[in-house]
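Down below is the structure, laid out as structure tokens.
Protein chains: 2
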Amino acid sequence: MKKSTDKSASGVKEIARLAKVSIATVDRVIHNREGVSEKTKSKIQAIIQKLNYQPNVLARRLALASRGTIRLAVLLPNISGETEFWQAPLDGVNQAENEIKQYGIEIERFFFDQNDEASFDKQVKKIIRLKPDGILFTPTFPEESIRLTEDCQKAGIPYVMINSDIPGHDSMCYIGAEIFRSGYLAGQLVNYCIEKDQQVLVVKIAREIDNNYAILRKEDGFRAYFSDNNIQNKILTLDSKQTDYAAVSRKLDQLIRKEKAIGAVFVTNSRVSVVAKYLQKAGLEDILLLGYDFTKDNVDYLKAGSIDFLICEKPQEQGYRGVMTLFQHLVYSNIIEKNYLMPIDIITKENYQFYRN
Amino acid sequence: MKKSTDKSASGVKEIARLAKVSIATVDRVIHNREGVSEKTKSKIQAIIQKLNYQPNVLARRLALASRGTIRLAVLLPNISGETEFWQAPLDGVNQAENEIKQYGIEIERFFFDQNDEASFDKQVKKIIRLKPDGILFTPTFPEESIRLTEDCQKAGIPYVMINSDIPGHDSMCYIGAEIFRSGYLAGQLVNYCIEKDQQVLVVKIAREIDNNYAILRKEDGFRAYFSDNNIQNKILTLDSKQTDYAAVSRKLDQLIRKEKAIGAVFVTNSRVSVVAKYLQKAGLEDILLLGYDFTKDNVDYLKAGSIDFLICEKPQEQGYRGVMTLFQHLVYSNIIEKNYLMPIDIITKENYQFYRN
DNA sequence: CTGAAAGCGCTTACAG
DNA sequence: CTGAAAGCGCTTACAG
């Protein structure tokens with residue numbers, strides 16, 4: 102390794118030397134702090150310009166690291182069998198924490214029950230009381246979520262939402278996919294794979310379908326693809342507020358006996374494995390099946406061939422990126438991008454092995 | 102922000118205090134350096150264990166930063182109209198450089214002509230003479246590449262290969278896709294979209310087809326999908342060593358007049374836009390067309406609907422990750438993973454807007 | 001075999 | 001409005 106030669110040619114020290122001031126004054130100018138005469142200020146600024154000075158991030162962090170701790174709050178659904186999906190964003194949060202905990206960041210995690218609005222509310226209250234320096238959450242319940250964002254605004258606490266945003270609400274930052282478009286993409290895939298005379302079935306499985314914005318938007322997108330492109334296949338719907346296999350399979354069985362020529366089934370969330378199980382048992386694996394998320398169950402059925410396509414929006418990266426966004430905003434005053442739209446990935450039996458969530 | 106309370110509870114200073122030695126001695130033990138008595142050594146090690154000491158990466162880098170410069174060499178094809186693809190890995194290299202140049206990393210770039218083995222050789226010689234601390238390259242010409250890796254091995258210079266690896270050669274590190282599998286995936290997509298009685302056409306466009314391992318492997322993978330799954334569609338081949346539109350379109354026109362019922366065309370590299378142009382002009386857009394890489398031309402035809410699927414392996418990330426791998430190895434002695442297999446992404450008209458290379 | 005000291009580039013509390 | 005000094009946690013050249 103060659104020795105570097107231009108040691109003196111940069112840094113606050115050099116700027117101070119050239120401006121004939123102390124480094125403290127240079128620091129004041131760099132950070133736009135009060136109490137520097139216009140004259141010295143502009144002299145220093147000129148030198149900074151000329152040297153194209155870039156602060157050494159390392160040194161800055163090191164100097165700040167031990168001053169105080171930045172505390173972030175993370176609010177996500179708890180992870181049970183049915184909501185294994187949420188493990189991925191949490192993994193992303195953990196990964197980010199590992200990378201930045203050296204810099205004095207502490208993350209406190211809060212969990213709520215997706216089927217229980219009150220539990221969300223309760224956790225929100227806890228977080229407000231904690232007064233964290235930043236908040237990462239997913240707005241499963243819009244009303245409470247809006248209230249939370251308003252509280253944040255008032256208290257000047259930055260927040261980031263992941264996985265879905267709040268419809269019609271102007272939020273500070275959303276990291277996730279454009280869910281309407283992901284439904285639209287599903288429409289395209291189905292259209293590639295079915296015959297003109299076949300029917301298409303949209304299945305929605307969730308305790309609270311009507312309040313679940315994401316599920317509804319995906320169906321909208323899906324249907325929009327068909328109408329925008331003048332595709333004539335008939336689209337049927339099946340809703341199930343019971344999410345267990347017994348209930349879902351009963352309903353599916355009824356419908357499929359009645360309707361002939363169903364060419365494709367689109368499940369609007371990660372419950373697609375339940376439908377896969379049914380189709381497999383019923384020997385209906387010719388039917389094209391697609392749905393959401395890279396969960397273990399889903400991938401198993403993908404491997405087995407019952408699921409054809411999984412649409413996936415990098416949930417782990419969402420969690421990771423959400424924490425990092427807050428971190429960089431709080432530590433380096435980086436501006437928070439309003440929307441960071443994740444790619445909408447298509448996973449099949451032949452590329453799942455290489456997928457990174 | 103709350104003040105951290107356990108300032109003294111970690112760090113070399115604390116270890117030194119507990120062991121009743123100086124921090125220099127602690128440092129010696131941490132880095133396994135000579136010249137510490139067994140007794141002090143084990144005492145210090147015990148304390149490190151007990152405290153679960155993790156060195157502060159920031160401070161370490163800062164202390165080392167200005168000592169010396171690490172020089173990396175990057176060898177990639179030059180970027181012309183036909184090889185616009187290579188802009189992406191280069192962008193990744195630039196991005197990485199921006200992130201780490203603060204830490205005293207210098208990157209020197211070398212370019213060769215993909216159609217000229219001698220130019221590759223010449224640049225390799227230049228690099229060897231330079232004696233860099235690490236090398237990133239793509240092994241377009243296997244023989245010269247093997248020689249390069251052997252030179253590196255002898256000189257103890259770590260290297261990383263991106264985009265494709267050297268067939269049958271045990272290399273230090275490959276960052277890229279498993280190209281056989283990407284051809285296999287193309288086979289799956291085609292099979293979803295064509296009818297039983299249609300034919301499939303594989304098009305290979307490159308100056309040096311027979312020496313181009315990647316192109317051949319993709320076709321192998323594609324054909325393997327059909328034979329593994331007992332799919333009977335006939336597969337035709339069209340090779341063109343002339344890569345310009347006039348030549349390719351002439352050949353395509355001849356073949357397509359002769360053969361009926363071609364349902365899909367698979368182009369084994371980024372030249373798919375040339376085929377798209379022909380199909381568009383000939384009014385043959387019903388034919389399913391798929392190929393490789395997220396280049397401007399390709400995306401334009403994807404938007405227009407002439408290309409149906411693009412397979413893409415994050416070339417920018419390959420360049421980025423390649424540099425970062427060398428950096429982390431050289432600075433933190435991180436072990437280099439032998440293979441980092443990139444995801445194989447499927448891009449369509451409906452998700453390209455969100456894709457990140 | 002061991003330690004005291006200077007330095008990496010920045011930030012901040014304090015003094016004036 | 002400005003500066004001298006101490007400190008972040010680590011590394012290294014030097015002295016003993």
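Going line by line, the protein sequences match chains A and B.
Be aware that the first sequence starts at 102, since it is given in the working numbering, and climbs by one per residue.
Be aware that the second sequence starts at 102, since it is given in the working numbering, and climbs by one per residue.
Glycine included, every Cβ here is placed at the ideal spot set by N, Cα and C.
Computed from a predicted structure; not experimentally measured.
Beta-bridge pairing of residue i - partner residues as DSSP gives them
{"i": "leucine 163(A)", "result": "Bridge partners of leucine 163(A): none, in fact."}
{"i": "valine 304(B)", "result": "Leu339(B), Val368(B)"}
{"i": "glycine 406(B)", "result": "Glycine 406(B) is not bridged to any residue."}
{"i": "cysteine 413(A)", "result": "Asp446(A)"}
{"i": "tyrosine 441(B)", "result": "Ile276(B)"}
Contact under 8 Å by Cβ, residue i with residue j
{"i": "leucine 165(A)", "j": "alanine 160(B)", "result": "no"}
{"i": "leucine 191(B)", "j": "isoleucine 180(B)", "result": "yes"}
{"i": "glycine 420(A)", "j": "valine 194(A)", "result": "yes"}
{"i": "tyrosine 402(B)", "j": "alanine 365(B)", "result": "no"}
{"i": "threonine 241(B)", "j": "glutamine 224(B)", "result": "no"}
{"i": "glycine 322(A)", "j": "glycine 277(A)", "result": "no"}
{"i": "threonine 380(A)", "j": "serine 407(A)", "result": "Sequence inspection shows leucine at residue 380(A); the threonine mentioned does not correspond to that position. Yes, these two residues count as a Cβ contact at 8 Å."}
{"i": "glutamate 90(A)", "j": "aspartate 222(A)", "result": "What is shown of chain A runs 102 to 458, which leaves residue 90(A) out entirely."}
{"i": "cysteine 413(A)", "j": "tyrosine 293(B)", "result": "no"}
{"i": "glutamate 451(B)", "j": "arginine 282(A)", "result": "yes"}
{"i": "lysine 300(A)", "j": "asparagine 331(A)", "result": "Lysine is not the amino acid found at residue 300(A); the sequence shown has glutamine there. In this structure, asparagine 331(A) does not lie closer than 8 Å to glutamine 300(A) by Cβ."}
{"i": "valine 424(B)", "j": "leucine 237(B)", "result": "yes"}
{"i": "glutamate 185(B)", "j": "lysine 382(B)", "result": "no"}
{"i": "lysine 140(B)", "j": "valine 130(B)", "result": "no"}
{"i": "methionine 273(A)", "j": "isoleucine 437(A)", "result": "yes"}
{"i": "isoleucine 116(A)", "j": "isoleucine 145(A)", "result": "yes"}
{"i": "leucine 391(B)", "j": "glutamate 360(B)", "result": "no"}
{"i": "isoleucine 447(B)", "j": "isoleucine 445(A)", "result": "no"}
Residue range of the unbroken beta strand (DSSP E) whose run includes residue i
{"i": "glutamate 207(B)", "result": "206-213"}
{"i": "lysine 275(B)", "result": "Per the sequence presented here, residue 275(B) reads as tyrosine, with lysine not at that position. Element bounds for tyrosine 275(B): 275-277."}
{"i": "valine 261(B)", "result": "260-263"}
Cβ neighbour criterion (16 or more within 10 Å) applied to residue i
{"i": "threonine 426(B)", "result": "buried"}
{"i": "histidine 430(B)", "result": "buried"}
{"i": "isoleucine 171(A)", "result": "buried"}
{"i": "aspartate 234(A)", "result": "buried"}
{"i": "lysine 319(A)", "result": "buried"}
{"i": "tyrosine 393(B)", "result": "buried"}
{"i": "asparagine 264(B)", "result": "buried"}
{"i": "proline 259(B)", "result": "buried"}
{"i": "glutamate 44(B)", "result": "The shown model of chain B, from 102 to 458, leaves out residue 44(B), and the question about it has no answer."}
Coil, strand or helix - residue i by DSSP
{"i": "asparagine 312(A)", "result": "coil"}
{"i": "phenylalanine 238(B)", "result": "strand"}
{"i": "proline 178(B)", "result": "strand"}
{"i": "asparagine 452(B)", "result": "coil"}
{"i": "leucine 391(A)", "result": "strand"}
{"i": "arginine 172(B)", "result": "strand"}
{"i": "isoleucine 363(A)", "result": "strand"}
{"i": "proline 243(A)", "result": "helix"}
{"i": "alanine 125(B)", "result": "helix"}
{"i": "asparagine 458(B)", "result": "coil"}
{"i": "glycine 112(B)", "result": "helix"}
{"i": "lysine 103(A)", "result": "Low per-residue confidence applies at lysine 103(A): pLDDT is 39, beneath 50, and the placement is therefore not dependable enough to give any value."}
{"i": "alanine 383(B)", "result": "coil"}
{"i": "lysine 202(B)", "result": "helix"}
{"i": "proline 268(B)", "result": "coil"}
{"i": "isoleucine 131(A)", "result": "helix"}
{"i": "aspartate 329(A)", "result": "helix"}
{"i": "lysine 378(B)", "result": "helix"}
{"i": "alanine 250(A)", "result": "A small correction: the amino acid at residue 250(A) is threonine; alanine does not occupy that position in the sequence shown. Three-state result, threonine 250(A): helix."}
{"i": "proline 190(A)", "result": "helix"}
{"i": "arginine 401(A)", "result": "In the sequence as presented, arginine is not what sits at residue 401(A); that position holds aspartate. Looking at aspartate 401(A) - three-state DSSP - the assignment turns out to be helix."}
{"i": "aspartate 298(A)", "result": "coil"}
{"i": "asparagine 157(A)", "result": "coil"}
{"i": "glycine 257(B)", "result": "coil"}
Opening and closing residue of the alpha helix (DSSP H) in which residue i lies
{"i": "methionine 425(A)", "result": "416-433"}
{"i": "tyrosine 346(A)", "result": "346-359"}
{"i": "glycine 288(B)", "result": "280-294"}
{"i": "arginine 230(A)", "result": "218-231"}
{"i": "isoleucine 149(B)", "result": "139-152"}
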